[in-house]
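*Asks:* Submitted below is the structure of interest, expressed as structure tokens.
Residue numbers (the UniProt record's numbering): 1 to 447.
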């Protein structure tokens with residue numbers, strides 16, 4: 001699959017139960033950060049288990065453009081860093097493809113170095129707002145010049161004499177938090193990010209692992225993350241755990257396709273990322289964690305998902321949204337097969353992802369015969385329970401990998417299957433999705 005080539009129409013049809021072992025890709029969030037922090041370190045960082053999807057490969061290209069040496073050696077990626085503040089000015093535009101995480105984190109890590117860089121991306125990324133990142137970066141002294149509405153292409157002029165900042169996140173966002181912390185690396189003194197709701201904490205964990213001083217404290221305003229600027233980051237060896245957001249797809253398929261029993265090994269269960277699995281168990285899912293352990297500072301387990309024919313709708317606590325924001329599309333698919341309504345609130349962030357994911361999933365589910373209500377920051381899926389989901393439609397993925405995969409999972413369990421207009425975006429995060437699901441017994445057809 002290619003996220004930047006010709007559209008690839010695909011259809012998922014109901015068939016045999018899914019069974020077997022699903023080896024999903026490495027964690028995308030950790031993969032991005034491994035390359036970036038490796039490039040900002042002194043020495044050689046070696047990374048195994050890196051997700052080799054297009055999003056992460058675009059971040060690798062960006063790090064090369066800023067002067068780091070990044071190459072693949074067998075199954076290991078090697079990053080020879082240039083140190084904090086050592087980025088060179090790129091000679092060409094930085095194309096971040098489809099990756100909102102990649103472009104926002106890269107903007108952050110160059111914003112306090114006196115260089116200029118221009119960023120672009122594919123049609124989806126060019127439509128996403130960058131102001132949420134460029135506004136706090138301006139506090140350091142960086143300047144940004146983009147299209148109307150703060151959209152790509154955008155030129156960022158790094159601060160010549162950066163100042164440390166204290167910044168309270170207006171909305172929960174690990175991308176914005178991480179961009180500010182990465183910018184703070186090359187600013188003197190202490191940079192502080194305050195978040196009212198905890199978001200994924202991979203950046204804080206990895207900064208400590210590379211030798212930065214990071215403190216996390218509860219305050220009256222919320223959770224305060226303090227970074228001491230201008231450290232010398234030390235190169236590391238990193239083993240990337242497997243991605244819980246990717247694991248969500250075979251796990252949820254196992255729950256809704258009758259007779260299925262799927263094992264998904266070595267999944268990262270960082271508490272800031274595991275909200276989906278908690279929600280699924282509240283819905284009555286036959287989902288178990290086997291071999292709970294710790295690898296490289298991250299909790300890990302093998303997930304076993306068995307068909308669960310008596311799922312029930314639940315109300316997902318709004319405060320859980322940050323720990324599962326990317327999983328609401330596939331949760332809405334599971335909700336379609338549950339008995340009664342599943343209520344999802346506090347999910348405004350879904351409106352500004354690769355697509356408007358609330359609207360995209362509402363349209364998809366309605367086309368499959370499922371009743372959906374939606375508002376600015378909420379969505380209610382009225383599950384069909386024992387009646388089952390009809391399916392039979394062909395729907396638009398809107399250049400969004402998670403909409404594409406969610407639609408195909410629904411098609412595996414719907415009576416008449418489901419078609420999508422374009423499966424090519426799946427390559428941005430899960431290039432082996434088609435092969436992996438077919439290996440479990442899914443009936444996927446191109447064209």
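For every residue, glycine included, the Cβ atom is placed at its ideal position computed from N, Cα and C. The model shown is predicted, which means the values in this text are computed figures rather than measured ones.
Quick one: grab the DSSP three-state call for residue 307.
*Replies:* Residue state, collapsed to three classes: coil.
*Asks:* With burial defined as no fewer than 16 other Cβ atoms inside 10 Å of the residue's Cβ, what is the status of residue 91: buried or exposed?
*Replies:* exposed
*Asks:* With 16 other CB atoms within 10 Å as the buried threshold, where does residue 15 fall?
*Replies:* exposed
*Asks:* Mapping the DSSP letters down to three states, classify residue 61 as helix, strand or coil.
*Replies:* helix
*Asks:* If you pair each beta-carbon of the segment 179–197 with each one of the segment 216–224, do three or more pairs fall below 8 Å?
*Replies:* yes
*Asks:* Do residue 175 and residue 101 have their beta-carbon atoms positioned less than 8 Å apart in this structure?
*Replies:* yes
*Asks:* Compute the distance between the beta-carbons of residue 225 and residue 333, then report whether it is under 8 Å.
*Replies:* no
*Asks:* Whose CA, out of 75, 50, 105 and 126, lies closest to the CA of residue 36?
*Replies:* 105
*Asks:* In whole angstroms, give me the CA-to-CA distance for residue 382 and residue 172.
*Replies:* 27 Å
*Asks:* Using the Cα positions of residue 385 and residue 378, report the straight-line distance between them to the nearest angstrom.
*Replies:* 21 Å
*Asks:* My parser needs the beta strand (DSSP E) runs of 3 or more residues fully inside the segment 25–85; what are they?
*Replies:* Entirely contained in the segment 25–85, the beta strand (DSSP E) runs reaching 3 residues are, in chain order, 44–48, 69–73 and 76–80.
*Asks:* Please say whether residue 331 and residue 272 have beta carbons closer to each other than 8 Å?
*Replies:* no
*Asks:* Find out if the Cβ-Cβ distance for the pair residue 214, residue 108 is shorter than 8 Å.
*Replies:* The criterion of a C-beta distance shorter than 8 Å is not satisfied by residue 214 and residue 108.
*Asks:* Would you give the residue range spanned by the alpha helix (DSSP H) that residue 154 belongs to?
*Replies:* Careful: residue 154 lies outside any alpha helix (DSSP H), inside the beta strand (DSSP E) at 151–157.
*Asks:* If you draw a straight line from the alpha carbon of residue 80 to that of residue 134, how long is it in whole angstroms?
*Replies:* Distance between the alpha carbons of residue 80 and residue 134 is about 28 Å.
*Asks:* Quick one: grab the DSSP three-state call for residue 200.
*Replies:* coil
*Asks:* Extract the residue ranges of the beta strand (DSSP E) inside the segment 254–281, only unbroken runs of 3 or more that lie entirely within it.
*Replies:* 261–268
*Asks:* What's the gap between the Cα of residue 356 and the Cα of residue 348?
*Replies:* 10 Å
*Asks:* Measure from the C-beta of residue 210 to each C-beta in chain B and report whether the shortest distance is under 8 Å.
*Replies:* As a matter of chain content, chain B is missing from the structure shown, which is built from one protein chain.
*Asks:* Check the DSSP bridge columns for residue 146 and list the partner residues they point to.
*Replies:* 154
*Asks:* Could you tell me whether the segment 229–242 touches the segment 45–52, where touching means 3 or more Cβ pairs closer than 8 Å?
*Replies:* yes
*Asks:* In its own chain, which residues sit with a C-beta less than 7 Å from the C-beta of residue 123, not counting the 5 before and 5 after it?
*Replies:* 399
*Asks:* Please determine, among 256, 415 and 403, the residue with the shortest C-alpha to C-alpha distance to residue 353.
*Replies:* 403
*Asks:* Identify whether residue 371 lies in helix, strand or coil by the three-state DSSP scheme.
*Replies:* strand
*Asks:* Please report the residue range of the beta strand (DSSP E) in which residue 210 lies.
*Replies:* Looking at the DSSP string, residue 210 is not in any beta strand (DSSP E), and its letter there is neither H nor E.
*Asks:* Out of 217, 231 and 281, which one is the CA nearest neighbour of residue 248?
*Replies:* Looking at the Cα atoms, 281 is the closest of the given residues.
*Asks:* Since I believe residue 150 is in contact with residue 129 (beta carbons under 8 Å), could you give me their beta-carbon distance rounded to a whole number of angstroms?
*Replies:* 6 Å
*Asks:* For the beta strand (DSSP E) holding residue 381, just list the boundary residues, first then last.
*Replies:* 378–384
*Asks:* Are residue 103 and residue 139 close, meaning C-beta to C-beta below 8 Å?
*Replies:* no
*Asks:* Please work out which residues of its chain come closer than 6 Å, Cβ to Cβ, to residue 327, disregarding the five sequence neighbours upstream and downstream, and give them in chain order.
*Replies:* Closer than 6 Å at Cβ, skipping near neighbours: 248 and 276.
*Asks:* Between the alpha carbons of residue 217 and residue 210, how many angstroms are there, rounded?
*Replies:* 20 Å
*Asks:* What's the C-alpha gap between residue 451 and residue 99?
*Replies:* Within the shown structure, residues of the chain are numbered from 1 to 447, placing residue 451 beyond reach of any answer.
*Asks:* Sort 75, 426 and 267 by Cα distance to residue 299 and report the nearest one.
*Replies:* Here the closest residue by C-alpha is 267.
*Asks:* Reducing DSSP to helix, strand and coil, say where residue 2 ends up.
*Replies:* Because residue 2 carries a pLDDT of 40, less than 50, the predicted location of this residue cannot be relied on, and the following value inherits that uncertainty. Note: residue 2 maps to coil in three-state DSSP.
*Asks:* Counting only the same chain and skipping the five closest in sequence on each side, list residues whose C-beta sits under 7 Å from that of residue 366.
*Replies:* 372
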